[in-house]
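Read through the structure below, which is laid out as structure tokens, and then see the notes.
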Amino acid sequence: MTSTPPPPDRPRPLRTAAVIPAAGRGIRLGPGAPKALRALGGTPMLIHAVRAMAASRAVSLVVVVAPPDGAPEVKHLLDEHSLPDHTDYLVVPGGDTRQESVGLGLDALPEDVSVVLVHDAARPLVPVETVDSVVGAVRNGARAVVPALPLADTVKEVEPAVVPGEPEPVLATPVRARLRAVQTPQGFDRDTLVRAHAEVALDGEGATDDAGMVERLGEPVVVVPGHEEAFKVTRPLDLVLAEAVLARRRAHDGF
Ligand SMILES: Nc1ccn([C@@H]2O[C@H](COP(=O)(O)OP(=O)(O)OP(=O)(O)O)[C@@H](O)[C@H]2O)c(=O)n1
Ligand SMILES: C[C@](O)(CO)[C@H](O)COP(=O)(O)O
7 MTSTPPPPDR
17 PRPLRTAAVI
27 PAAGRGIRLG
37 PGAPKALRAL
47 GGTPMLIHAV
57 RAMAASRAVS
67 LVVVVAPPDG
77 APEVKHLLDE
87 HSLPDHTDYL
97 VVPGGDTRQE
107 SVGLGLDALP
117 EDVSVVLVHD
127 AARPLVPVET
137 VDSVVGAVRN
147 GARAVVPALP
157 LADTVKEVEP
167 AVVPGEPEPV
177 LATPVRARLR
187 AVQTPQGFDR
197 DTLVRAHAEV
207 ALDGEGATDD
217 AGMVERLGEP
227 VVVVPGHEEA
237 FKVTRPLDLV
247 LAEAVLARRR
257 AHDGF
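Written out as structure tokens, the structure reads:
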């Protein structure tokens, strides 16, 4: 018996993958292992971030971008921790900058992926509702989606001091109500993100976020509400806060 061929105009399936850049050193966190491998509640931060992506039913593949010499260790970590089995996992070695690491993760995506999330390993506690709302906005047609929060502080633009610690002249005070602090996962139509990584040249330390690269193409980027618990673990105090948030969750969920 012959099988019926698929209709020729069938739309490309909307398979969603998450790329997790985890190749950074974590210099601002202080001495120790690469930040993504440091423990939060006894479990590596990276494992929390992988679980946060895989918690979304929409995400069927997670690509972890490991420290350049740490891919075997990261593969081992993924094998020894329980992870949802509706999701596939891949590990690739990263680069010298976040931009390079994300680019290496994108290179590893299989052809059938059309929606890509990029999520910092350093944001281990992002709730699944935030992940789902970013995916939903991309699936509804946005090419680039960023979760973000209004700022609590007033922000000044300054002329950076040449000598650290010297007073810095203030140039401007942007209207706070128009500012947002952006988080991850940032979500993209795959072709748009791949084009941004191909066309935006690596300059110095590289772009600090992927949506900024899409903006430089002249493509629209939209913001959806972020979440307080999606904060980035950057400095030692952030780790104290992350431990407290995790402890509160565990007490609430009873595990
Ligand atoms: N070469 C790099 C640099 C950063 N990252 C990742 O990008 C995310 C956001 O970066 P950041 O928080 O700045 O991490 P680090 O670069 O590790 O921090 P630091 O600047 O303090 O060293 C992290 O998950 C980090 O692992 C990466 O994959 N490859
Ligand atoms: C992508 C990001 O998390 C958005 O806030 C942030 O720009 C990463 O910056 P970092 O200095 O490389 O952590």
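Following our numbering, the numbering of the sequence shown begins with 7 at its first residue and continues without gaps. All C-beta atoms, glycine included, are put in the ideal place defined by N, C-alpha and C.
Is it buried or exposed, residue i, if we count other Cβ atoms within 10 angstroms and call 16 or more buried?
| i | result |
| --- | --- |
| Thr190 | buried |
| Val181 | exposed |
| Val168 | exposed |
| Lys162 | exposed |
| His54 | buried |
| Pro226 | exposed |
| Thr214 | exposed |
| Leu185 | exposed |
| Arg129 | buried |
Report whether the distance from the Cβ of residue i to the nearest heavy atom of ligand 1 is below 7 angstroms.
| i | result |
| --- | --- |
| Thr136 | no |
| Leu223 | no |
| Ser120 | no |
In the DSSP assignment, what residue or residues form a beta bridge with residue i?
| i | result |
| --- | --- |
| Leu155 | Ala187 |
| Gln192 | Val124 |
Just verifying my parser: in three-state terms, what is the DSSP assignment at residue i?
| i | result |
| --- | --- |
| Arg21 | strand |
| Ala204 | helix |
| Leu84 | helix |
| Glu163 | strand |
| Pro99 | strand |
| Pro242 | helix |
| Leu252 | helix |
| Thr136 | helix |
| Thr198 | helix |
| Leu247 | helix |
| Pro78 | helix |
| Ala257 | helix |
Please determine whether the Cβ atom of residue i lies at a distance below 7 angstroms from any heavy atom of ligand 2.
| i | result |
| --- | --- |
| Arg104 | yes |
| Thr214 | yes |
| Thr93 | no |
Check the C-beta distance from residue i over to residue j and give it rounded, since I have them as a contact under 8 angstroms.
| i | j | result |
| --- | --- | --- |
| Glu235 | Leu96 | Contact doesn't hold; Cβ gap of about 26 angstroms is too wide. |
| Leu110 | Gly100 | 6 angstroms |
Between residue i and ligand 4, is there a pair consisting of the residue's CB and a ligand heavy atom that are separated by less than 7 angstroms?
| i | result |
| --- | --- |
| Thr49 | With respect to ligand 4, the structure shown offers nothing to examine, as its ligands consist of ligand 1 and ligand 2. |
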